[in-house]
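Residue numbers (the working numbering): 204 to 269.
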Amino acid sequence: MTGRCASIQVWSTVVWLRMVVPSLAYLMMVTVGISVGSWKSVSSTLAMLPTLSLAEGRPAPTRRSG
204 MTGRCASIQV
214 WSTVVWLRMV
224 VPSLAYLMMV
234 TVGISVGSWK
244 SVSSTLAMLP
254 TLSLAEGRPA
264 PTRRSG
């Protein structure tokens, strides 16, 4: 009786792990992707800020050759 209960418990735990682990991995991937994407967008926005302020202040400079 105890062995059967233990085997059922182990089987249910294995099934639960097989259901939960992929979803946890997916959630971690999504979280990392969102954080990396937001960090990239924030860094690109910060890099664009000086050019945006310069473009608002005066006309864009023409590129000189030579």
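C-beta: ideal position from N, C-alpha, C; glycine also.
Predicted model only: the values in this text are computed from it and were never measured.
| request: Please work out which residues of its chain come closer than 8 Å, Cβ to Cβ, to residue 234, disregarding the five sequence neighbours upstream and downstream, and give them in chain order. | output: none
| Alpha carbon to alpha carbon, how far is residue 244 from residue 217? | 40 Å
| Cβ-based neighbour list, residue 224, same chain, cut-off 7 Å, excluding 5 preceding and 5 following | none
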